[in-house]
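Chains as they are written, first to last, in my numbering: chain A, 14 to 319; chain B, 343 to 903; chain C, 2 to 135.
We put the CB at the ideal spot given by N, CA and C, even for glycine.
Comments concern the structure below.
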Amino acid sequence: MIATSSTPRVIDIQGVTRRFGPTVALESVSLRVPRGCVFGLIGVNGSGKTTLLKHVLGLLKAQTGSVRVFERDPVADPVGVLSRIGYLAEENDLPPWMTVAELIRYTKAFYPSWSDEDAEKMRRQFGLDPNGRIDTLSKGQKARAGLLAAMAYRPDLLVLDEPASGLDPLVRRDILGAIVRTIADEGRTVLFSSHLLDELERVADYVAMIDKGRIVFSTALDDLQATHRRLTLRFAVARSHPPEVRGALSWEGAGQEWTAVCYGTTGELQAAASACGASIVAEHHVGLDEIFVARMRQTNAILEQE
Amino acid sequence: MTPTMALAYLFWTRHRRGLTLVGGYCLAVLLLCAVAPAGVFALSSDESISLFMTASIVLCSGSGVAVGYLVLIFTFSREAQLETCESSYPARLWTRPLPTYALVGWPMLWGSAALMPVWLTYAWAERQLCSLDLPLAWPSLMAAVLLAWCQAILWTSFPMPWLRLLLLIPGGTIFFFTPMIMLDFDESSTALCGLLAGLLLAAYGTALRSVARARCGEHRRWGWPDWLRWPWAARSRRPFSSPAWAQLWFEWRLHGLGFPMAMAILAILVFPMMPLLVEALNSSDQLPPSLRQEIGSLWLAAASQMLVLPLYSAMLVGPQLGKCSGKSFVLSSYLATRPVPVAMLVRAKFAMTVCSTLAGWGALILGLLLWLTLSGHAVEAAQQFETMRQKHAPGVFWGWLTLLVVGVILLTWVQMVQEMWIGLTGRTRAIEIWNFIKVGFLIGLILLGLWFGFWLAKHPEWWPLLERLPPWLAGTAVILKGLAAVWSLSVLKRRQLIPSGVLWGVLAIWLALAGGLFAALYALLPYKWFYWPGVILGIVLLLPLTRLALAPLALSWNRHR
Amino acid sequence: MQIHLSRQDGMPTYLQIVQQVKLLVASGRLQEGEELPPIRVLAQQLLINPNTVARAYRELETAGIVAKRSTSGTYISNAGSPLARRERLRILSERIDSLLVEARQLGFDTDEIIDLLRQRDKALHAQSSGERKP
């Protein structure tokens, strides 16, 4: 699915910078999330994912730049924006003194589009006891309760902040199922950040990587997988250091054979390889986790050199 | 480093700023004692009363704040919630390789070791500077007992919420009054020291047992019985008709019962002691007999309690009302993402405080009536009421009664909500600084009043000038309040947090209330007692407008950081 | 219809679905005229993006394996037979390639491999005929 400039954008973040005291959490970040897609945000801990997501919700004010969600400013018009967003936070912060039934009853009052059948179906599927207090639930059950509260009114935008961190595989399947169910309805969008790259790879249409407050890339996942591959180069002479090949992100190997995750078209990479006297002996598809690790290694190597 | 040293280091690093301040204060006082000549602030002559009182107030408040702070940190109660069931001993310390008797004993020991120098410094300073002989030994032991029992009560897990407060409030009050009783005892009385040592051991034993049980995870809870729970649960399945009702329900569940519970607890404790108060009033020679005949000692006692208890409870409960969750002032992201404007959240809070005030007052009046009936004073009370009623014109009498009742209820509500804006900001540092400023301001005001009073007594030539001052003061106060109100309301209007219709309505209500009070007092007070600058100053200071207008601004600052 | 996705090789998900559907058709587990599950259902079953499933179905449609009937779903078309042989040959060639590579590494030459093939074929026949006897 290719987004053109005419595709309506659900989220439009332009040039947002955010400082917390001396630390810069986000630096001139721009992000565009088209409607009807699953947008994944990847990055190491502390790279600024949660800060960015909080800007989308209006919980943080943009110090520079602008944030527009559904073409409105979430800080100036919280009602218009938040009534169409469902949010699941990384740290569960549902009121611990409420029971599940009270949570459903309380959340329902805020959303006219709440669906009782959906809520009841989800509650039964998740196995949540209506009279159980939230602070007595396990971590996975708390996440499920939060997911129920965020999804039962069919929000146009579902924002999930590391939804599966620390949860068992059953709950992770529930969350993935929720994402797929949301996106299967026309026009609804999902924005989520995760460390579990294989799960993100399954469901995401677009991926953006953020590192130390800067966006490293923001493309369609298909394009990413099409332009990155793992090449094994064989050199005529054994080398102790990896060669300088344009497009190579990170090197592994020794002696005559070196393997790298590379970025570029096949023609470019062929040319670059023969320019330093090597032949390509193997070429493989590369998954999102390898791309991520290779990119992180590259940015760290650049920082070390500086 | 042994585990014990690690625990001590934990205390130190966590609270090093506060502990340094306390230590610095003690050192400064000792330095002052060493440098200043002995008895410099002593009560030797009439001129030195002001100096003596200043020195005493400063030393007392400084040591009081230090004691309060030390009790707070050594009972781990900075982050604790007092009304819940759980023990407030931090669970993260249970995995330390220390036996339970050490985990309990060391904080008790270090706390006592920190408290004793504070008392000793205070007593020594009073002895040196003010020539006031205060006992050194047993009050330090008493401070240790205070800390130990606070720790014991706070670290016990109770089967029901609010039970801890039932023990803590009377315990604290009794403790407050014992020094006055103890002053009659001989200082080196071995019986007293023995009693205190026994209390200390009892506190240690209780704390040890509680923490041991909490460490093993034994926690028995009493829930509501099923037959009581079922009709409640069945009734409350109806969905809320609007977000406003849902938010009101939320706020009520979170804070609503605080004030009524505090009132109920205090009523249970205080009303049985009313006969003593009546006796004291009857036999007191400081009370003008005309007043006693006018109102009757029974009603006087009741009225004093009806004034003190609600205001005290409102003062206790008020600072917590800014919290939007049980534990902290920070707005949780669940609440911050409710699709409602800030105005509605604040409105729900104010509505909850109104319901809470009315419920608390209902409980108090019910308690009073119950006590009157059960203790057999009902007939006497009715007689005194009749006597009072017949003495005055019906308009004046009922006017006064309505004014007093409505006025005190309104005052209670004002006391509860006037600090809400600082809690709603959600910034813990700001709240702590504000508390600090409040205490400092209060002490400063007392000292200033004291000095001004003494200075004024010595310079009678200034009195005519001062008599002309109050109208100017009243005018300045009105102008300042007007400016502050205009500023805050215009900021609200500019940021569109509150619809302008509501703003005008609030302003109109405030003006109507102020005008009504002024008119009522003008009508009811005899002419010579009606001092209009005083009345205006009172109305301006007591009726909050800016403090209420700051609440939506603060919550908006909390929600969008 | 049983589709199993594997995370190895980094092969795109839609390609894996396309290949497995081709395999199922080729081995006869999917008959002509049978309906493929709707996009939503398959996406929820496999926990992947419905767009991926849609793309796979489009590829299959372009390759002529399935035909989309308006509003009523996606069905296996009857142009499957010539594809079946080609598909079968492709699968077998892959297996033979890996067998040859392995055998070379272990030090066998082509004649030895052919002899071994004949031996194993006889043994399998004997085993299966032994099973067929009551």
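Residue-level contact check: Q238 of chain A touches chain C, since one or more beta carbons of chain C fall below 8 angstroms from its beta carbon. The bridge partners DSSP lists for I24 of chain A are A:V46 and A:V82. Between S207 of chain A and R167 of chain A, the CB-CB gap reaches or exceeds 8 angstroms. Counted as a single uninterrupted DSSP element, the alpha helix (DSSP H) harbouring S552 of chain B occupies residues T532 to R557. Per DSSP, A233 of chain A lies in no alpha helix (DSSP H); the unbroken beta strand (DSSP E) holding it starts and ends at R227 to A233. Under the DSSP assignment, K733 of chain B falls in the alpha helix (DSSP H) whose first and last residues are A720 to K733.
Using beta-carbon distances, H357 of chain B does not count as an interface residue toward chain A, since no partner is under 8 angstroms.
Look at the beta carbons and you see the region 213-231 of chain A touching the region 182-200 of chain A: at least three pairs across the two are nearer than 8 angstroms. Of the candidates B:I785, B:A656, B:W564 and B:L474, B:I785 places its Cα closest to the Cα of S403 of chain B.
Listed along the chain, the chain A residues whose CB falls inside 8 angstroms of the CB of I49 of chain C are V193, R215 and V216. Using a CB distance cut-off of 8 angstroms, D106 of chain A counts as an interface residue toward chain B. A285 of chain A is outside the set of residues whose beta carbon lies under 8 angstroms from a beta carbon in chain B. In this structure L66 of chain A touches V172 of chain A by the C-beta definition: roughly 6 angstroms separates them, less than 8 angstroms.
Approximately 7 angstroms separates the beta-carbon atoms of S43 of chain A and I228 of chain A; this is inside 8 angstroms, confirming the contact. Around L72 of chain A, the beta-carbon contacts reaching into chain B at under 9 angstroms are L673, S675, A678, T679, R901, H902 and R903. Interface with chain C (8 angstroms Cβ-Cβ cutoff): D181 of chain A is excluded. Nearest CB-CB separation between H298 of chain A and chain C: below the 8 angstroms threshold. Put simply, the backbone Cα of K870 of chain B is about 11 angstroms away from that of Y864 of chain B. The beta carbon of Y411 of chain B lies closer than 7 angstroms to those of G360 and V364 in the same chain, with the five residues before and after it left out. Annotation: the continuous beta strand (DSSP E) that includes S206 of chain A extends over T202 to S206. Proximity of P38 of chain C to chain A, defined by a Cβ-Cβ separation below 8 angstroms, is not satisfied. Within the model, the alpha-carbon separation for L282 of chain A versus I66 of chain C is close to 35 angstroms.
A direct Cα-Cα distance of roughly 31 angstroms separates L31 of chain C from P182 of chain A.
By the rule that beta-carbons nearer than 8 angstroms mark a contact, M2 of chain C does not touch chain A. In the three-state DSSP reduction, L100 of chain C falls in the helix class (H, G or I).
Boundaries of the alpha helix (DSSP H) harbouring D302 of chain A: L301 to Q318, taken from the DSSP string. Per the coordinates, the alpha-carbon of S7 of chain C lies some 54 angstroms from the alpha-carbon of M347 of chain B. With contacts defined by Cβ atoms closer than 8 angstroms, V19 of chain C and A57 of chain C form a contacting pair.
Taken in chain order, the complete alpha helix (DSSP H) segments of 4 or more residues contained in the region 233-300 of chain A are 234-240 and 279-288.
Interface with chain A (8 angstroms Cβ-Cβ cutoff): A57 of chain C is excluded. If you look at Y76 of chain C, you'll find it isn't in any alpha helix (DSSP H); it sits in the beta strand (DSSP E) that goes G74 to I77. Residues T30, R31 and R32 of the same chain have their beta carbon placed closer than 7 angstroms to that of Q76 of chain A, with the five preceding and five following residues left out of the count. Checking the DSSP bridge columns, you'll see F794 of chain B has no partner listed. Contact check for T417 of chain B against L789 of chain B fails: the beta carbons are separated by 8 angstroms or more.
A609 of chain B is positioned such that its CB atom lies closer than 8 angstroms to that of L651 of chain B. If you look at A68 of chain C, you'll find it isn't in any alpha helix (DSSP H); it sits in the beta strand (DSSP E) that goes V67 to R70.
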